[in-house]
Each structure stands twice: as C-alpha cells, then as structure tokens.
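In what follows, a single structure is set out as structure tokens and then discussed.
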Amino acid sequence: MSYTREVMNTGSIVAPKGFSAGTAACGIKTVKDSLDLGIIFSEYPSTGAALFTTNQIYAAPVKLSRKAVQKGRTRAIVINSGNANACTGEQGDKDAEEMVRLTAECLKISEDETLVASTGIIGRPLPMDKVRAGIKAATASLGSTPAHGNAMALAIMTTDTRQKDIAVRLKIQNKDVTLGGITKGAGMIAPNLATMLCFITTDVSMPGSLLDECLRKSVESSFNRITIDGHTSTNDTIAIIANGASGIHISSSKENTGGSPLQIFQQGLDYVTSYLAKAIVKDGEGATKFIQIDVIGARSRGDAARIARSIADSPLVKTAINGEDPNWGRIVSAAGYAGVELNESKTTLSINDILIFAKGMPTQCDLTTLSMSMKSTDIQIRLELGLGDYSDTVWTCDLSHEYVTINAEYHT
Numbered sequence: 001m002s003y004t005r006e007v008m009n010t011g012s013i014v015a016p017k018g019f020s021a022g023t024a025a026c027g028i029k030t031v032k033d034s035l036d037l038g039i040i041f042s043e044y045p046s047t048g049a050a051l052f053t054t055n056q057i058y059a060a061p062v063k064l065s066r067k068a069v070q071k072g073r074t075r076a077i078v079i080n081s082g083n084a085n086a087c088t089g090e091q092g093d094k095d096a097e098e099m100v101r102l103t104a105e106c107l108k109i110s111e112d113e114t115l116v117a118s119t120g121i122i123g124r125p126l127p128m129d130k131v132r133a134g135i136k137a138a139t140a141s142l143g144s145t146p147a148h149g150n151a152m153a154l155a156i157m158t159t160d161t162r163q164k165d166i167a168v169r170l171k172i173q174n175k176d177v178t179l180g181g182i183t184k185g186a187g188m189i190a191p192n193l194a195t196m197l198c199f200i201t202t203d204v205s206m207p208g209s210l211l212d213e214c215l216r217k218s219v220e221s222s223f224n225r226i227t228i229d230g231h232t233s234t235n236d237t238i239a240i241i242a243n244g245a246s247g248i249h250i251s252s253s254k255e256n257t258g259g260s261p262l263q264i265f266q267q268g269l270d271y272v273t274s275y276l277a278k279a280i281v282k283d284g285e286g287a288t289k290f291i292q293i294d295v296i297g298a299r300s301r302g303d304a305a306r307i308a309r310s311i312a313d314s315p316l317v318k319t320a321i322n323g324e325d326p327n328w329g330r331i332v333s334a335a336g337y338a339g340v341e342l343n344e345s346k347t348t349l350s351i352n353d354i355l356i357f358a359k360g361m362p363t364q365c366d367l368t369t370l371s372m373s374m375k376s377t378d379i380q381i382r383l384e385l386g387l388g389d390y391s392d393t394v395w396t397c398d399l400s401h402e403y404v405t406i407n408a409e410y411h412t
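Throughout the sequence shown, residue numbering follows full-length UniProt numbering, covering 1 to 412 in sequence.
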C-alpha cells in the first residue's frame, strides 16, 4: 500500500468527517468583536490523546485535561484565548471545571469526554460571565463548513498575526482518511512541546493508547524541534481526536510495516504536525526569517540536538541573521558552549549551502554571494562535526526590534 497525500485547499479542523466547530466573541480579549472562545466537537464517540507543557508551573486547564485524557475517550475541546487561567489558584481550577461542565451539558456528552485549554495573559481570573455566554454561543454556532474551520483557527490566536491550519487527505485501504489541524503560537516558544496550542482531528478509528503513541512520535520530530525565544509556557497543549467516521480502523502498532495503514496514518500525522510547527516559527513575534539548523555527524542524536538548540537559542546568532549578517563566529561559538565535545579541525559550517568555515578557519568563499543569500526569508545553517553518524534539526526564527516591542508592551 503506497502513501499518497493530498493537501486540501479549504482544509482545517472540521475537514475530517463527523467534526464541527463553533466560536464566539465573548469579550475576553480587549479588541472588540475578536473571536476568543471555540469548541471542537465530534458527532460520534471517539478516542483522544494529548501532550502538555513540561513547565512545573502549569495552568488549571492543563491540570484538568491531563486527568481527563487518561480515560482515552475525548469528544470535545473547549478553548479560550486572551486569558491563560494560569497562576489563578483554587478559583482558576473551579473555573476550568465549570468550562468543562457547561460544555458537556450543552453538547449532551460526559465531562470525561471534554478537554479544556486556555491561552493568554497569566495571573488574571477568567471573566466567567463572559465565558459562560461564550460557551453557549459557540455551541449554538457549531458547523462543519470551511468558514467554521477558519473561525476556529482565529479564535485560539493571541499575538499571532495569521491563522495556522491545514488538512490532508490520505488513502488507506482504498478509502479516504482525513486529518485536520489548527495551532497558535508566536512567542514563548521552546522545545518540549513548544509554547502553543494545537488541535488535530481525524476520521480514523484507533485505540487511545495507540493514538497517544502516534502523537508522541509526531511531536518529537516537530513541535519538540522548534524554538523562538527559549521560554516554555504554562499552557502548552496538543490534542488529537479520532472518531472513526471514515470506516477505517487501526488497531495495533504491530501493523507498522511498510505501507501498512498505521504507517500511512503516521506519515500523514507527521506531515500535519511538521507543517503546523513550522507555521508557528514563521509567525514568530517580529520574525522576518525562518531558520533551519542542521547538525550532522554527531556522536549521538542528543549531542546533535544540544548543539542545534544552542545555536537556535543564541540571541547573537538570531540578531545577526535579522541584520542579514553571515556572522559565522557567533554560530561556531554557540556550538562550542553547548556542552558537547567538538573537534574544531573536523567541524565545517555552511550557510545557505555556501561553505564558510572549515579546518578551524574561515574559507575563501564568495562573500558577495553569501551576503545576497542572507536576504532570503529562509536561512539554512548546516554544521558538520565529523565525529559520528547522528544528526538533528531545529527550526527557529530571527530576533528583531519588533520582538522586543511586542513583549515590552504585552503585560500581565
């Protein structure tokens, strides 16, 4: 069975069969009429899986959803933006519980089948009168048109400048299977999830434990490979719901052989999460450059990852790229303090496929060509260590004056 993938032109979270979304502008955000609450709903019984922030200070919705998703049955997710409901004490816990309870009542499903997520300013209590009205309005507006999907992508945004969504159609056992996804995030982005919300729907049927396994694999190679500012949030959540409406059932990880239904699904999920992770980086606060950092020839993948992240998190590297300056010294220096043993004489560095550093010194490359290449919005840094067979990749963005302005003005 071969892997074929079609990216849908109007695809989003409601593209898979049996899913709907509803939104409301209930006044959590300060900008009038901004969508700030949404509900994703499966019309059929479904399974779910989710991963959450690694930050030890985590929001009330994270605490509640962690428990709920362990039951493996998820049919709905209620999300608000503009307020993180983090560091809000016992009242925050009660508010998250009420969001779940009211959503479940409106949808006539169990609270155990309902997850909750929030994003926005930390430390402020939720305006629950507005939230209650928003949940009722969002439930009443549920639908499965592309417009409903677009609105859902908008409703979860905070400092994002554009919506981030995708849907792909796969062929499994001669039937169409669809995955849809939305995400938000532009700042406070760091590996180990990344600071963001992401929601994925699919119309395959799959046990919750297997769905969790697939999600973890995809996140490790996508959302755990991005960084904007190295700051891990209190609210990171990525959740997936599978409802079986396509008629395709995947039941065992033992099926994960070449061309198997599970492998095809995994490839599709990997594509969706990678696309959405890159979309976050490209919309990083104040970002003008998308940067891919490849570290090749390390003794272990862990070594390669540490070096790549050290480069990606370096403010000096990021500001140099913002200024379109191929400052190789900053890149090599960032690799050198990553805590991994290097051999300078074996290390080579290329920027945009132009070799700029080798054998412990700069090369005689064409600086004019190199400088012109730095004007591109896509920058590739390739560091070859010559020490082993392992590699890793991290995606990041540049650091601009606009980033400082946005975060100086974004208050708690």
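Beta carbons: idealized from backbone N, C-alpha and C, even for Gly. Here the structure is a predicted model, which means the values were calculated and not measured.
Go through its chain and collect everything with a Cβ distance to residue i's Cβ below 7 Å, but skip five positions before and after it.
| i | result |
| --- | --- |
| Y44 | G18, N243, G244, A245 |
| R66 | F52 |
| P315 | L399 |
| K175 | S246, G247, I248 |
Compute the Euclidean distance between the alpha carbons of residue i and residue j, then round it to the nearest angstrom.
| i | j | result |
| --- | --- | --- |
| A59 | D95 | 11 Å |
| N327 | V168 | 39 Å |
| Q292 | T10 | 28 Å |
| I248 | Q364 | 57 Å |
| A117 | N235 | 8 Å |
| residue 413 | N343 | In this structure the chain extends from 1 to 412, so residue 413 is not present and cannot be described. |
| P146 | S46 | 22 Å |
| M99 | V31 | 22 Å |
| T74 | K108 | 13 Å |
| S81 | D36 | 5 Å |
| S55 | T368 | According to the sequence shown, residue 55 is Asn rather than Ser. Near 44 Å, if we compare the C-alpha coordinates of T368 and N55. |
| I226 | F290 | 11 Å |
| A76 | L215 | 18 Å |
| I156 | G208 | 25 Å |
| I189 | R309 | Legend: pLDDT at I189 = 48, less than 50; position of this residue unreliable, value from coordinates given subsequently. When rounded, the distance between both Cα atoms is 12 Å. |
Thinking C-beta only, is residue j closer than 7 Å to residue i?
| i | j | result |
| --- | --- | --- |
| I40 | F199 | yes |
| G49 | I240 | Looking at the sequence provided, one finds Ala at residue 49 rather than Gly. In contact: A49 and I240 (Cβ atoms closer than 7 Å). |
| T183 | D203 | no |
| S12 | G180 | yes |
| I166 | Y3 | no |
| D398 | K282 | no |
| A334 | I354 | no |
| E341 | M374 | no |
| G268 | S141 | no |
| G388 | R299 | yes |
| A358 | T348 | yes |
| E90 | R101 | no |
| Y390 | R330 | no |
| G120 | C26 | no |
| M152 | G38 | yes |
| V69 | T103 | no |
| A277 | D392 | no |
Can you tell me whether residue i is buried or exposed? The criterion is at least 16 other CB atoms within 10 Å of its CB, across all chains shown.
| i | result |
| --- | --- |
| D313 | buried |
| I57 | exposed |
| S222 | buried |
| S376 | exposed |
| K130 | buried |
| P61 | buried |
| P191 | The predicted position of P191 is uncertain, since its pLDDT is 44 and thus under 50; a value taken from the coordinates is nonetheless stated next. Buried, by the Cβ-count rule. |
| G149 | buried |
| M206 | buried |
| M361 | exposed |
| R382 | buried |
| E113 | buried |
| S345 | exposed |
Might you give, ordered along the chain, the residues of its own chain that have their beta carbon closer than 6 Å to the beta carbon of residue i, omitting 5 neighbours on each side?
| i | result |
| --- | --- |
| L126 | N83, N85, D95 |
| T201 | I13, P16, F19, G180, I241 |
| Q380 | Q292, N352 |
| A279 | K164 |
| I172 | I248, P261, I264 |
| A320 | N327, R330 |
| D378 | F290 |
| G92 | A60, N85 |
Considering only heavy atoms of the ligand MN, does any lie closer than 6 Å to the CB of residue i?
| i | result |
| --- | --- |
| Y403 | The ligand content of the structure shown is nil, which means the ligand MN is not present either. |
Considering residue i, what are the terminal residues of the alpha helix (DSSP H) in which it resides?
| i | result |
| --- | --- |
| K67 | 60-69 |
| S274 | 261-282 |
| R162 | Run containing R162: none; DSSP gives neither H nor E here. |
| T319 | 315-322 |
Give the range of the beta strand (DSSP E) segment to which residue i is assigned.
| i | result |
| --- | --- |
| G89 | Run containing G89: none in the beta strand (DSSP E); it sits in the alpha helix (DSSP H), 89-107. |
| C198 | 197-202 |
| A76 | 76-83 |
| D303 | Taken as a continuous stretch (DSSP letters only), D303 belongs to no beta strand (DSSP E), being part of the alpha helix (DSSP H) at 301-312. |
| A50 | 47-52 |
Kindly say whether residue i, judged by its beta-carbon, lies nearer than 7 Å to any beta-carbon of chain D.
| i | result |
| --- | --- |
| E384 | Reference to chain D is not applicable here, since this structure consists of a single protein chain. |
By Cβ distance, which residues of its chain are closer than 8 Å to residue i, with the 5 residues on each side in sequence left out?
| i | result |
| --- | --- |
| S252 | L210, L262 |
| H401 | G286 |
| V219 | L51, L193, I238, T273 |
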